[in-house]
């Protein structure tokens, strides 16, 4: 594995920020580096049944303009001596110039695609899985693909998919195909690699998961539990149109936010504002998202 050539700034609240697209935190012996794949403009119409005036009323007290939202797309490198894991693969080449910068971010953190030992997939939507492949080849040629058994089953039954999910089918299947025999199916509660456990977070897809990194101050990395913290912390019942099972997605969001607030562990995710390392607190009838690099 190449040496870390990241240009580093001082540590604040356990966060080490580089000059580029990577920010690193520590969990025991693990180095967890947030990698910025890019940002995408977010239209409130992507939330079902929520209008702009409602969104502005929720976001304004936080100093956020709900009419001008940009959502991060993040992935995460997890490094322990001798091993490198990556949570999600970003957009690859399927979107515009504002996205698809994961490999640049990985290089900024001092790593190459061939250094990655395992891809830990939260789910197989395009903004998480299209970066697994380039044409018919794997971008991460030495990596095992680890995905939940329920996620694989979801994409193996295309006749059950609605139109939105079907729009992601080719990407999901191509991601599986390019890894072939290097795919491992796991279940919630499995220690998928030493010190990292798969956590069931169903709703966005049936097999949507997170990964909990064990240590004295553990961290949960989720995929799409939350898309816009400025809105969904206060209103966790607001759901995204790509949620395959909205009721389950809402229940999962409320459950995991409550658990994170009660237990105090750190969280981050694919669409929280980069780099996303945070703690969750209860606030009013909902929750508050407290970024750790703002302490």
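Numbering (my numbering), first residue to last: 583 to 877. Just so it is clear, CB atoms sit at the ideal spot from N, CA and C, and this is done for glycine as well. Small disclaimer: the values here were computed from a predicted structure and weren't measured.
Residue nearest to residue i in terms of C-alpha spacing, selected from the options
i	options	result
residue 659	652, 809, 604, 835	604
residue 815	864, 734, 610	864
residue 790	812, 767, 799, 800	767
residue 703	727, 719, 652	727
residue 779	632, 785, 795	795
residue 666	651, 656, 645, 688	688
residue 630	828, 851, 872	828
residue 775	652, 622, 853, 662	662
residue 715	692, 674, 655, 682	674
residue 809	731, 831, 645	831
residue 656	811, 840, 669	669
Beta-bridge pairing of residue i - partner residues as DSSP gives them
i	result
residue 803	793, 850
residue 665	662
residue 817	Note: residue 817 sits in no beta bridge, so no partner.
For residue i, three-class secondary structure by DSSP
i	result
residue 623	strand
residue 639	helix
residue 825	coil
residue 782	strand
residue 736	helix
residue 686	helix
residue 718	coil
residue 767	strand
Spatial distance of residue i from residue j (CA atoms)
i	j	result
residue 803	residue 847	11 Å
residue 833	residue 634	24 Å
residue 712	residue 761	13 Å
residue 844	residue 793	18 Å
residue 867	residue 678	38 Å
residue 735	residue 745	17 Å
residue 598	residue 616	Any reading at residue 598 needs caution, since the residue's pLDDT is 38, under 50, leaving its predicted position unreliable; the model's value is listed next. Between residue 598 and residue 616, the C-alpha separation is close to 10 Å.
residue 664	residue 611	12 Å
residue 819	residue 697	40 Å
residue 708	residue 765	18 Å
residue 855	residue 719	31 Å
residue 877	residue 857	Bear in mind that a pLDDT of 32 at residue 877, under 50, signals an unreliable position, so the model cannot answer this.
residue 763	residue 748	24 Å
residue 733	residue 823	18 Å
residue 842	residue 777	19 Å
residue 636	residue 869	17 Å
residue 872	residue 821	21 Å
residue 700	residue 742	29 Å
residue 645	residue 781	33 Å
Residue range of the unbroken beta strand (DSSP E) whose run includes residue i
i	result
residue 654	651-662
residue 702	700-702
residue 676	Where residue 676 is concerned, there is no enclosing beta strand (DSSP E), given that its DSSP letter is neither H nor E.
residue 729	726-730
residue 868	868-873
residue 608	604-609
Residue range of the unbroken alpha helix (DSSP H) whose run includes residue i
i	result
residue 838	828-845
residue 758	751-761
residue 708	708-711
residue 812	811-814
residue 746	745-748
Residue-level contact to chain D via CB, residue i, 8 Å cutoff
i	result
residue 708	Of the protein chains in the structure, only one exists, and it is not chain D.
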